[in-house]
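Note that the working numbering has the sequence shown beginning at 192, numbered continuously upward.
Glycine included, every Cβ here is placed at the ideal spot set by N, Cα and C.
Owing to the predicted nature of the structure, the values given are computational and were not obtained by experimental measurement.
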Amino acid sequence: MTKKKAVGITGIGMYLPKKVLTNADLERMVDTSDEWITTRTGIKKRRIAQPGTPASALASEAAKKALAYAKLKPEDLELIIVATITPDMPFPSTACFVQAKVGAKNAACFDLGAACSGFVYGLVTAKEMIAGGMYKNALVIGVEVLSSVTDWTDRNTCVLFGDGAGAAVLQPVKSGGIISSYLGADGNLANLLYLPGGGSRHPASKDTLKQRLHYIKMSGSEVFKSAVRLMTDAATRVVCDANLTCKDISLLIPHQANIRIINSVRQRIGLPEEKVFLNVAKYGNVSSASTIMALCEAVEQRRVKKGDVVVLVAFGAGLTWGSVVMRW
Ligand code: UT7
Numbered sequence: 192m193t194k195k196k197a198v199g200i201t202g203i204g205m206y207l208p209k210k211v212l213t214n215a216d217l218e219r220m221v222d223t224s225d226e227w228i229t230t231r232t233g234i235k236k237r238r239i240a241q242p243g244t245p246a247s248a249l250a251s252e253a254a255k256k257a258l259a260y261a262k263l264k265p266e267d268l269e270l271i272i273v274a275t276i277t278p279d280m281p282f283p284s285t286a287c288f289v290q291a292k293v294g295a296k297n298a299a300c301f302d303l304g305a306a307c308s309g310f311v312y313g314l315v316t317a318k319e320m321i322a323g324g325m326y327k328n329a330l331v332i333g334v335e336v337l338s339s340v341t342d343w344t345d346r347n348t349c350v351l352f353g354d355g356a357g358a359a360v361l362q363p364v365k366s367g368g369i370i371s372s373y374l375g376a377d378g379n380l381a382n383l384l385y386l387p388g389g390g391s392r393h394p395a396s397k398d399t400l401k402q403r404l405h406y407i408k409m410s411g412s413e414v415f416k417s418a419v420r421l422m423t424d425a426a427t428r429v430v431c432d433a434n435l436t437c438k439d440i441s442l443l444i445p446h447q448a449n450i451r452i453i454n455s456v457r458q459r460i461g462l463p464e465e466k467v468f469l470n471v472a473k474y475g476n477v478s479s480a481s482t483i484m485a486l487c488e489a490v491e492q493r494r495v496k497k498g499d500v501v502v503l504v505a506f507g508a509g510l511t512w513g514s515v516v517m518r519w
């Protein structure tokens with residue numbers, strides 16, 4: 192059997208809308224308080240795109256930065272995967288809009304829906320396609336305009352989410368790269384977190400509008416419990432598959448949904464606080480964009496250095512979950 196190529200991230204970039212929505216702003220919109228949001232979630236503020244901003248606008252800005260970082264010309268790019276639950280429109284794919292915006296005319300394009308695990312799912316998919324020899328490079332983007340599907344009258348959900356984009360270029364690498372990966376899902380728990388309206392099951396109608404079916408619905412505490420259990424398992428499993436132990440982890444980059452979920456996972460794995468990256472306070476839960484935005488900031492803040500063992504772990508609607516160990 193021929194040995195698979197080692198594949199790693201060779202470029203990263205992120206992009207955020209300018210507008211900041213603080214907990215104080217939300218206090219004026221729904222019956223909530225900065226104190227409740229901070230203690231229950233760890234979130235202080237989030238970014239919000241101007242109404243009508245398509246996901247591809249944020250995604251293509253992040254993409255341009257990642258391509259520049261990797262010194263890859265847009266026309267040399269071979270594959271674009273966009274992970275999102277807030278695509279520009281049901282079709283064509285947001286990846287096609289990004290392709291046109293960045294001028295990557297030779298890239299194949301598709302979108303991937305795995306909610307908050309979307310970037311990790313995309314990373315593993317692209318890595319395998321390069322390792323198998325189908326492509327020489329790929330761009331994986333996590334992007335969300337969750338403000339467009341947030342029910343701003345529902346205090347259970349509207350305090351949690353934000354908008355943003357992150358992108359990563361993947362290529363064969365001589366050393367390091369992605370060492371192990373793991374993806375999972377449980378469709379029997381789809382009813383814990385979903386957006387019912389606008390698909391083939393409930394096509395858009397006056398009724399779906401009246402019933403507010405075009406917004407995120409979530410059973411918060413059920414999702415919370417599953418998130419802790421499944422992210423702990425996903426992180427532990429992938430580290431073990433890499434023939435490492437949790438002591439070898441330089442930095443854990445978890446999906447940024449809730450600081451209490453992250454702290455519970457950290458304690459179960461047995462990691463000190465300084466080995467876990469956090470930016471949930473600044474951006475809230477940006478679903479598919481969360482882990483890649485966190486990786487971008489970790490690199491920018493020099494929390495990730497060459498040779499470090501970095502673990503990404505995510506969890507989201509589906510339910511879905513996934514994890515990756517890479518040597519930076
Ligand atoms: O990205 C993956 C998907 N999402 C997640 O990972 C989210 C997972 N879940 C969570 O983060 C948490 O469950 C929440 C932050 C959503 C909620 O925290 P919780 O500790 O699980 O609270 P709860 O749902 O048990 O609600 C406690 C109380 C309720 O009041 P009662 O029924 O006890 O009187 C809620 O009505 O808090 C109330 N509440 C609020 N109060 C003030 C819910 N939202 C708010 C709010 N402000 N924004």
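Distance CB(C307)-CB(H446) smaller than 8 Å
Counted from its first residue, the sequence shown places residue 307 at position 116. Counted from its first residue, the sequence shown places residue 446 at position 255. Yes; because the gap between Cβ atoms is below 8 Å, this pair is in contact.
Taking Y312 as part of the alpha helix (DSSP H), name the residues at either end of that continuous run.
Counting from 1 along the sequence shown, the entry for residue 312 is found at position 121. Y312 -> alpha helix (DSSP H) spans 309-322.
Quick check on F352: does DSSP put it in helix, strand or coil?
Counted from its first residue, the sequence shown places residue 352 at position 161. Correct three-state label for F352: strand.
Thinking A291 and P265 are a contact (beta carbons under 8 Å), I'd like their distance in whole angstroms, please.
Translated into positions along the sequence shown, residue 291 becomes position 100. Translated into positions along the sequence shown, residue 265 becomes position 74. About 10 Å separates the two Cβ atoms, so there is no contact after all.
Three Cβ pairs or more, each shorter than 8 Å: is that satisfied between the region 456-468 and the region 335-346?
no
Thinking G309 and S479 are a contact (beta carbons under 8 Å), I'd like their distance in whole angstroms, please.
Translated into the one-based positions of the sequence shown, residue 309 becomes position 118. Translated into the one-based positions of the sequence shown, residue 479 becomes position 288. That pair is a contact at about 3 Å.
Length of the line joining the Cα atoms of S412 and G324
In the sequence shown, the residue the question calls residue 412 occupies position 221. In the sequence shown, the residue the question calls residue 324 occupies position 133. Roughly 43 Å between the two C-alpha positions.
At which residue ranges does the region 329-409 contain complete alpha helix (DSSP H) runs of 4 or more residues, listed in the order of the chain?
Every unbroken stretch of the alpha helix (DSSP H) spanning 4 or more residues and falling wholly within the region 329-409 is given here in chain order: 346-349, 397-401.
Say the cut is 7 Å; is the CB of A448 nearer than that to a heavy atom of ligand 1?
The residue given as residue 448 occupies position 257 in the sequence shown. Indeed, a heavy atom of ligand 1 lies less than 7 Å from the Cβ.
Option nearest L404 by Cα separation, candidates A418, P387, S417:
For the purposes of this step, residue 404 is taken as residue 213 along the sequence shown, with counting starting at 1. The residue from A418, P387, S417 with its alpha-carbon nearest to that of L404 is P387.
Around the Cβ of P278, are there at least 16 other Cβ atoms within 10 angstroms (buried) or fewer (exposed)?
Mapped onto the sequence shown, residue 278 falls at position 87. Looking at its Cβ environment, which holds 16 or more other Cβ atoms inside 10 Å, P278 is buried.
Is S514 buried or exposed, if buried means 16 or more other CB atoms sit within 10 Å of its CB?
Locating residue 514 in the sequence shown gives position 323, counting from the first residue. With 16 or more Cβ atoms within 10 Å of its Cβ, S514 is classed as buried.
Can you check whether the CB of T511 is closer than 8 Å to the CB of I460?
As a working mapping, residue 460 is identified with position 269 in the sequence shown. As a working mapping, residue 511 is identified with position 320 in the sequence shown. Against a cut-off of 8 Å, the Cβ pair of T511 and I460 comes out as no contact.
Where P245 falls, given that 16 or more other Cβ within 10 Å makes a residue buried:
Translated into positions along the sequence shown, residue 245 becomes position 54. Buried: at least 16 other Cβ atoms inside 10 Å.
Look at the Cβ atom of A261, then the Cβ atom of V334, and state whether they are nearer than 8 Å.
Indexing the sequence shown from 1 puts residue 261 at position 70. Indexing the sequence shown from 1 puts residue 334 at position 143. It is not a contact, given that the beta carbons lie outside the stated cut-off.
Output the residue ranges of the alpha helix (DSSP H) runs that lie fully inside the region 224-276 and measure 4 residues or longer, sorted by chain position.
225-232, 246-261
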